[in-house]
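Trainee: Just passing along the structure, written as C-alpha cells.
Protein chains: 2
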Amino acid sequence: MPIEIPDVVIDRLPIYARALNLLQRSGREVVSSQELGAQLGVTPAQIRKDLSYFGRFGKQGRGYSVPRLLEELRQILGLDRDWLMVLIGVGQLGRAILAYGGFAPQGFRIVGAFDADPGLVGQEINDLVIKPASELKLSLTQRPADIGIVATPAAHAQAVIDDLVGCGVKAILNYAPIAAHVPPDVHIKDIDPVLSLQSMTFYLKGQLAVAGVK
Amino acid sequence: MPIEIPDVVIDRLPIYARALNLLQRSGREVVSSQELGAQLGVTPAQIRKDLSYFGRFGKQGRGYSVPRLLEELRQILGLDRDWLMVLIGVGQLGRAILAYGGFAPQGFRIVGAFDADPGLVGQEINDLVIKPASELKLSLTQRPADIGIVATPAAHAQAVIDDLVGCGVKAILNYAPIAAHVPPDVHIKDIDPVLSLQSMTFYLKGQLAVAGVK
DNA sequence: GTATGTGAACCACTTCACAGCA
DNA sequence: TGCTGTGAAGTGGTTCACATAC
Chain A
103 MPIEIPDVVI DRLPIYARAL NLLQRSGREV VSSQELGAQL GVTPAQIRKD
153 LSYFGRFGKQ GRGYSVPRLL EELRQILGLD RDWLMVLIGV GQLGRAILAY
203 GGFAPQGFRI VGAFDADPGL VGQEINDLVI KPASELKLSL TQRPADIGIV
253 ATPAAHAQAV IDDLVGCGVK AILNYAPIAA HVPPDVHIKD IDPVLSLQSM
303 TFYLKGQLAV AGVK
Chain B
103 MPIEIPDVVI DRLPIYARAL NLLQRSGREV VSSQELGAQL GVTPAQIRKD
153 LSYFGRFGKQ GRGYSVPRLL EELRQILGLD RDWLMVLIGV GQLGRAILAY
203 GGFAPQGFRI VGAFDADPGL VGQEINDLVI KPASELKLSL TQRPADIGIV
253 ATPAAHAQAV IDDLVGCGVK AILNYAPIAA HVPPDVHIKD IDPVLSLQSM
303 TFYLKGQLAV AGVK
C-alpha cells in the first residue's frame with residue numbers, strides 16, 4: 103500500500119537533511135520537531151507529518167536522534183551513493199557549474215561535458231575534456247549518467263533535453279530559460295534566478311506604492 | 103478591495119511573460135489561454151484565473167493580444183524599470199554571478215560588489231571595484247539598492263542578510279545553502295541546485311528499484 | 001511531564017463548467 | 001461559434017488536537 107507522497111514533501115526532505123547535518127556537526131544528539139521547525143521556518147506539525155510518510159523515527163517525550171534521522175533521510179533520498187551527471191553547454195554558465203565546488207561533497211559528480219562550439223571542444227577543464235555535442239547520445243550509451251545538466255542557450259535547450267530523454271536520462275537540472283517538455287517519468291528542475299527576481303519585484307513595487315514613493 | 107493574491111500566482115507571472123516575449127519575437131499577435139497553456143505545461147483555466155486577479159485582458163472568441171498582455175504583465179511585475187542590486191561574496195560563485203549576462207537585459211543591474219577577503223578588495227570586475235564587506239552598510243545608506251544577492255559561504259550568510267535587512271533592503275536572492283531568517287516584510291528567494299538534485303534522486307532511486315536494478 | 005504520530009478539520013489553490021461577449 | 005472571466009465544486013496539502021508512548 104504505497105500511499106502517494108506529495109512532491110512538496112520530497113522537496114522539503116533535503117532541507118531537513120541539511121539542517122540535521124549542521125546540528126550533527128555542532129554535536130547535537132537530539133532535536134525536537136519544535137526546534138527544527140523554528141530553525142527552518144516550518145511548523146513542527148509539518149515536519150512530523152512529512153516524516154510520518156516514511157516511518158516513525160522519533161521518540162515520544164524526547165524528539166529525534168540527530169544522527170539516526172539524518173541517516174534515514176539520506177537513505178530515503180538516495181544520498182548514500184554517488185550520482186553521475188553530464189553537463190551540456192560549457193559557455194560562461196557551464197564553466198561556472200564545472201567549477202562549482204558544492205556538488206562533489208554531496209556525491210554529485212560531473213563525468214562528461216559537451217558543447218556545440220568547435221572552439222571549445224578538446225579543451226580541458228577540471229580534468230574533463232569537452233566533447234562535441236554531437237557525440238552526446240553515443241557517449242551516454244557507452245557510459246550512462248543519472249542526471250543531465252543543461253546550460254545551453256535557450257534556443258538549443260529543448261533539443262538537448264530531447265536527446266537526454268532519448269538516452270534514458272530520468273532527471274534533468276535545467277539552467278536554460280525555457281519551459282521544457284519532458285515525459286511524465288522524467289524529472290526536471292529549473293534554476294532561473296531571473297524568474298526569482300522578477301517575482302520579487304512585484305512585492306517591491308507594492309511596497310514603494312505603500313510608502314508613497316511611486 | 104485588494105483581494106489577497108496568492109504567492110504562487112505571482113511566481114507564475116514571470117513565466118507567462120517569458121513565453122509572451124518569445125511569441126512576440128516570433129511575430130504572433132494573439133494567443134489563447136489554451137495555446138499558452140500547452141506551451142507552458144499549465145492548464146488554460148489556470149492562466150485565465152491567474153490573469154483575472156489583475157484585470158480583464160482578453161477578448162472573448164479571440165484570445166489575448168500578445169503585445170498588450172506582455173505590457174500589462176511587465177507593469178504588474180514592475181519590469182518596466184531598472185532594479186539596482188548589490189552582490190555580497192565575490193568568490194567563485196560571486197564572480198560567476200557578476201559575469202552572468204542574463205540579468206542586465208532584464209533590467210537587473212549589479213551596482214556594488216562586496217567581499218570580506220582583503221585579497222579581493224580593490225580588484226575590478228566588469229567595471230565594478232570590489233569593496234570591503236565592512237563598508238556594506240555605509241555604502242547602502244549612501245547609494246541604496248533594491249535587491250541584495252548573497253553569495254558568501256554559508257557561515258557568513260545570515261549576518262550579511264541581517265545587514266541588508268538593517269539597511270532597508272526588502273528583497274534578497276540567496277545563493278548560500280542556509281535557511282535564512284528574515285522579517286515578514288522582506289522577500290527572499292533561495293537558489294540552491296544541490297537541493298534540487300537531492301529531491302530528484304528520491305525519484306531516481308525509486309525508478310531503479312522498480313527496474314529491479316537495486 | 002514532554003514530544004511524537006496521526007485522523008480529522010481546515011484552508012488554499014486548482015479545475016470545472018457555463019454565462020457572457022466578440 | 002470560440003474563448004474569456006468567474007462563481008462553484010473539487011482536490012490536495014497544512015494545521016489542529018489529542019491519544020500514545022517514553
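Those protein sequences? They're chains A and B, same order as listed.
Residues 103 to 316 in the numbering used here are what the first sequence lists, from first letter to last.
Residues 103 to 316 in the numbering used here are what the second sequence lists, from first letter to last.
Don't be surprised by glycine CBs; every beta carbon is placed ideally from N, CA and C.
Taking the continuous alpha helix (DSSP H) assigned at N276 (chain A), which residues delimit it?
Mentor: Numbered from 1 along the first sequence, position 174 holds the residue referred to as residue 276 (chain A). That residue, N276 (chain A), is in no alpha helix (DSSP H); its beta strand (DSSP E) goes 273 to 276.
Trainee: Taking only runs of the alpha helix (DSSP H) that begin and end inside the segment 161 to 244 of chain A, which ones reach a length of at least 4 residues, in chain order?
Mentor: For the segment 161 to 244 of chain A, whole alpha helix (DSSP H) runs of length 4 or above, ordered along the chain, are 168 to 179, 194 to 201, 238 to 244.
Trainee: Do the segment 116 to 132 of chain B and the segment 166 to 175 of chain B touch if we need at least three Cβ pairs shorter than 8 Å?
Mentor: Output reads yes: the segment 166 to 175 of chain B touches the segment 116 to 132 of chain B.
Trainee: Spatial neighbours of S241 (chain A) within its chain, please: CB distance less than 7 Å, with the 5 preceding and 5 following residues excluded, ordered by chain position.
Mentor: Taking the first residue of the first sequence as position 1, residue 241 (chain A) is located at position 139. Only G214, K233 meet the Cβ criterion.
Trainee: Beta carbons nearer than 8 Å to chain A: which residues of the segment 286 to 314 of chain B have them?
Mentor: D287, H289, K291, I293, P295, V296, L297, S298, L299, Q300, S301, M302, T303, F304, Y305, L306, K307, Q309
Trainee: Roughly how many angstroms separate the alpha carbons of L125 (chain B) and E137 (chain B), rounded to a whole number?
Mentor: As a working note, residue 125 (chain B) is residue 23 in the second sequence. As a working note, residue 137 (chain B) is residue 35 in the second sequence. One C-alpha to the other measures close to 11 Å.
Trainee: When you compare each of B:R120, B:I199, B:L153 to I107 (chain B) by their alpha carbons, which one comes out closest?
Mentor: To locate residue 107 (chain B), count along the second sequence from 1; it is residue 5. When each option's Cα is compared against that of I107 (chain B), the closest is B:L153.
Trainee: Can you list the beta strand (DSSP E) stretches of 3 or more residues lying completely in the segment 248 to 309 of chain A, in chain order?
Mentor: Correct list: 249 to 252, 273 to 276, 289 to 292.
Trainee: With three or more C-beta pairs closer than 8 Å as the rule, is the segment 203 to 214 of chain A touching the segment 282 to 296 of chain A?
Mentor: no
Trainee: Exposed or buried, N276 (chain A), counting other C-beta atoms within 10 Å across all chains shown (16 or more means buried)?
Mentor: Counting from one through the first sequence, the residue named residue 276 (chain A) turns up at place 174. Classification of N276 (chain A): buried, given that the 10 Å Cβ count is 16 or more.
Trainee: What is the C-beta distance between P146 (chain A) and G139 (chain A), in whole angstroms, given that I count them as a contact (C-beta under 8 Å)?
Mentor: Position 44 of the first sequence, counted from the first residue, corresponds to residue 146 (chain A). Position 37 of the first sequence, counted from the first residue, corresponds to residue 139 (chain A). Sure, about 4 Å apart at Cβ, within 8 Å.
Trainee: For G314 (chain B), which residues in the same chain have their Cβ closer than 7 Å to its Cβ, ignoring the five residues on either side in sequence?
Mentor: In the second sequence, residue 314 (chain B) corresponds to position 212, counting from 1. With a pLDDT of only 44 at G314 (chain B), under 50, the local geometry of the prediction cannot be trusted, and the value read off the model is given with reservation. Counting only Cβ-Cβ distances below 7 Å, and skipping sequence neighbours, we find nothing.
Trainee: Using the DSSP secondary-structure output, state which residues sit across from V133 (chain A) in a beta bridge.
Mentor: As a first step, residue 133 (chain A) is located in the first sequence; it is residue number 31 there, counting from the start. Answer is A:Y166, bridged to V133 (chain A).
Trainee: Applying the 10 Å Cβ sphere with the 16-neighbour rule, what's the burial state of Q177 (chain A)?
Mentor: Locating residue 177 (chain A) in the first sequence gives position 75, counting from the first residue. Exposed.
Trainee: In three-state DSSP terms, what is G143 (chain A)?
Mentor: Numbered from its first residue, the first sequence carries residue 143 (chain A) at position 41. The DSSP-derived three-state label of G143 (chain A) is coil.
Trainee: Along the segment 132 to 162 of chain B, where does the CB come closer than 9 Å to a CB of chain A? Name the residues.
Mentor: Q141, L142, G143, V144
Trainee: How would you call D109 (chain A), buried or exposed, if buried means at least 16 neighbouring beta carbons within 10 angstroms?
Mentor: Position 7 of the first sequence, counting from 1, holds the residue named residue 109 (chain A). Within a 10 Å sphere around the beta-carbon of D109 (chain A) sit fewer than 16 other beta-carbons, which makes this residue exposed.
Trainee: Taking 7 Å as the CB-CB cut-off, is G268 (chain B) touching chain A?
Mentor: Along the second sequence, read from residue 1 onward, the residue named residue 268 (chain B) stands at position 166. So no, G268 (chain B) is outside the interface.
Trainee: Going along chain B in order, which residues have a C-beta closer than 8 Å to the C-beta of H283 (chain A)?
Mentor: In the first sequence, the residue the question calls residue 283 (chain A) occupies position 181. What H283 (chain A) touches in chain B: G143.
Trainee: Output needed for R150 (chain A): all residues of its chain with C-beta closer than 8 Å, excluding positions within five of it in sequence on either side, in chain order.
Mentor: As a working mapping, residue 150 (chain A) is identified with position 48 in the first sequence. Correct list, in chain order: S135, G160.
Trainee: In terms of residues, what are the limits of the alpha helix (DSSP H) holding P116 (chain B)?
Mentor: In the second sequence, counting from the first residue as 1, residue 116 (chain B) sits at position 14. Note, P116 (chain B): alpha helix (DSSP H), 109 to 127.
Trainee: Specify the secondary structure class of R158 (chain A) as computed by DSSP and reduced to three states.
Mentor: Residue numbering aside, residue 158 (chain A) sits at position 56 when the first sequence is read from its first letter. Coil, per DSSP.
Trainee: Taking a Cβ distance cut-off of 8 Å, strictly less, list which residues of the segment 231 to 249 of chain A are near chain B, in chain order.
Mentor: Residues of the segment 231 to 249 of chain A with a C-beta less than 8 Å from any C-beta of chain B: D248, I249, listed in chain order.
Trainee: Please confirm if K208 (chain A) has its CB atom under 7 Å from at least one CB of chain B.
Mentor: Residue numbering aside, residue 208 (chain A) sits at position 106 when the first sequence is read from its first letter. Looking at the sequence itself, residue 208 (chain A) is Gln, so the reference to Lys does not match. So yes, Q208 (chain A) belongs to the interface.
Trainee: Check G314 (chain A) in the structure and name its three-state DSSP category.
Mentor: Position 212 of the first sequence holds residue 314 (chain A). Only weak support is given to the placement of G314 (chain A): the predicted model assigns it a pLDDT of 44, under 50, and the value that follows is read from those uncertain coordinates. It is coil, neither helix nor strand.
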